[in-house]
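J.: Just so you know, the numbering used here puts 65 at position 80 of the sequence shown, and the rest follows in order with no gaps. A virtual CB, placed ideally from N, CA and C, is assigned to each residue, including glycine. Please see the structure below; I have some questions.
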Amino acid sequence: MNLKDKKVLISGGSAGIGKSIIQELVRHGVQDIAVIGRRKEALDALKSEFSSVNILTIQGNVSEVQDLERAITTITEVWGELDILINNAGVVSAGLLTEQSDEDIINQININLTGLILLTKKALNLLMKSREGAIMNISSGYGYIAMPFYSVYAATKAAVGQFSDAMRRELHQYPLHVMTVYPSATDTDMMKTAVVGEMDTPEDVAHMSVEGLVNEEINVILGGKEREEQIKMNFLEPKKIDEFAKAHFDALKERTKSHRSM
Ligand SMILES: NC(=O)c1ccc[n+]([C@@H]2O[C@H](COP(=O)([O-])OP(=O)(O)OC[C@H]3O[C@@H](n4cnc5c(N)ncnc54)[C@H](OP(=O)(O)O)[C@@H]3O)[C@@H](O)[C@H]2O)c1
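Shown next as structure tokens:
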């Protein structure tokens, strides 16, 4: 896929992985990028940071249907077209299921999954008219291998992968590629309250994601060969992953006890 002059909408492009994806898109010749995010200051900062391209900011929350409708109406009015949707906005709240607030459970599902599905639905009318377009959904390594203390987050991210696969098959008559990115731990604001050893940089994740888009890959999995082996093991011998999780349960509990980025 040639990204030059494509019109792109990205959710959560004002920080972390999303912002690095914008940087990569600009490097590939994208000139028009619409960004949805909740914080106005973070959106405004993008305009000065990427002053060589047109940044169309839409302040909104992906879990609010009217904000999604406003986003698509704005893009329809300003551009009248859209080629690529990148569903990147996401939140996390770790902890035993019994200790997570109902609010954090509902909001993780609404932001990471329901909002992603609804934004896709509302953007499709424009995307289906693109001569060469794509939908990139950002899942997580936990979308393949679920771990204790991340039951709700992992559930939303596994669902994102399944949604991508179903949509790619549903849209086969259109020139629209649908793909999923599965980042490992990445050094962004989302991870500030977690205790993690080595992390990828958001630039690495963005580079792999946009290369995957250009090459029309279906799944971009961060974490290398080792991660691919673990995914195979999780599928073929899940009890081995259970044993690993059991052996590391207390350490993982300690490292994730304050992990929350909502
Ligand atoms: N960092 C990791 O280790 C890691 C690993 C695997 C997967 N991921 C996934 O990668 C994606 C990006 O994560 P990140 O680490 O870059 O997170 P981040 O640094 O916290 O950035 C999240 C971005 O999403 C926006 N956002 C959050 N909730 C939103 C909402 N309800 N509506 C609109 N925008 C919203 C934020 O802006 P506002 O706060 O202003 O809305 C921000 O721009 C997420 O889907 C995450 O689950 C991250």
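What residue range is occupied by the uninterrupted beta strand (DSSP E) comprising H192?
T.: Locating residue 192 in the sequence shown gives position 207, where the first residue counts as 1. First-last for H192: P187 to V199, but that is the alpha helix (DSSP H), not the beta strand (DSSP E).
J.: Nearest by alpha-carbon distance to G197: which of T186, V11, S246 and V166 is it?
T.: Taking the sequence shown and counting its residues from 1, one reaches residue 197 at position 212. Measuring from the Cα of G197, the nearest candidate turns out to be V166.
J.: Quick one: is N72 buried, meaning 16 or more other Cβ sit within 10 Å of its Cβ, or exposed?
T.: Numbered from 1 along the sequence shown, position 87 holds the residue referred to as residue 72. It counts as buried.
J.: Quick one: what's got a C-beta closer than 6 angstroms to P160's C-beta in the same chain, skipping five residues either side?
T.: Sequence index remark: in the sequence shown, residue 160 carries index 175 (1-based). Answer for P160: E117, listed in chain order.
J.: Looking at D174 and ligand 1, is the gap between the Cβ and the nearest heavy atom below 6 angstroms?
T.: Working through the sequence shown from its first residue, we reach residue 174 at position 189. It does: the Cβ of D174 is within 6 angstroms (strictly closer) of some heavy atom of ligand 1.
J.: Looking at ligand 2, does it come within less than 6 angstroms of N46, judged from the CB to the closest heavy atom?
T.: Summarising the ligand content, the structure contains ligand 1 and does not contain ligand 2.
J.: Between A144 and S33, what straight-line distance do the alpha-carbon atoms span, to the nearest angstrom?
T.: Translated into positions along the sequence shown, residue 144 becomes position 159. Translated into positions along the sequence shown, residue 33 becomes position 48. Taking the straight line joining both Cα atoms gives about 35 angstroms.
J.: Would you say N73 touches ligand 1, meaning its beta carbon is less than 6 angstroms from a heavy atom?
T.: Looking up residue 73 in the sequence shown gives position 88. Answer for N73: yes, Cβ within range of ligand 1.
J.: Tell me whether V15 counts as near ligand 1, meaning its Cβ is closer than 6 angstroms to at least one heavy atom of that ligand.
T.: Position 30 of the sequence shown, counting from 1, holds the residue named residue 15. Checking the Cβ of V15 against ligand 1 gives no.
J.: Taking the continuous beta strand (DSSP E) assigned at I251, which residues delimit it?
T.: Only positions -14 to 247 of the chain appear in this structure, which leaves residue 251 out of reach.
J.: Could you give the distance in angstroms between the alpha-carbon of E84 and the alpha-carbon of K242?
T.: The sequence position of residue 84 within the sequence shown is 99, counting from 1. The sequence position of residue 242 within the sequence shown is 257, counting from 1. Rounded to the nearest angstrom, the two C-alpha atoms are 11 angstroms apart.
J.: Measure the CB-CB distance between S(-1) and L31 and report whether it falls below 7 angstroms.
T.: Counting from one through the sequence shown, the residue named residue -1 turns up at place 14. Counting from one through the sequence shown, the residue named residue 31 turns up at place 46. In this structure, L31 lies closer than 7 angstroms to S(-1) by Cβ.
J.: Is T171 near ligand 1, judged by its Cβ being under 6 angstroms from some heavy atom?
T.: Numbered from its first residue, the sequence shown carries residue 171 at position 186. Because some heavy atom of ligand 1 lies under 6 angstroms away, the Cβ of T171 counts as near it: yes.
J.: Using 6 angstroms as the cut-off, classify the Cβ of R245 as near or not near the heavy atoms of ligand 1, replying yes or no.
T.: Taking the first residue of the sequence shown as position 1, residue 245 is located at position 260. R245 Cβ: outside cutoff for every heavy atom of ligand 1.
J.: If you follow the alpha helix (DSSP H) that L10 is in, where does it begin and where does it stop?
T.: Start at 1 with the first residue of the sequence shown, and residue 10 comes out as number 25. G1 to R12 is the extent of the alpha helix (DSSP H) around L10.
J.: The alpha helix (DSSP H) spanning Y129 covers which residue range?
T.: Taking the first residue of the sequence shown as position 1, residue 129 is located at position 144. Here Y129 belongs to no alpha helix (DSSP H), and DSSP marks it neither H nor E.
J.: Quick one: Cα of T186 to Cα of N46, how far?
T.: Indexing the sequence shown from 1 puts residue 186 at position 201. Indexing the sequence shown from 1 puts residue 46 at position 61. For T186 and N46, the distance between alpha carbons rounds to 25 angstroms.
J.: Across the segment 172 to 179 and the segment 115 to 129, are there enough close Cβ pairs to call them in contact, namely three or more that are closer than 8 angstroms?
T.: Taking 8 angstroms as the limit for Cβ pairs, the verdict is that the segment 115 to 129 does not touch the segment 172 to 179.
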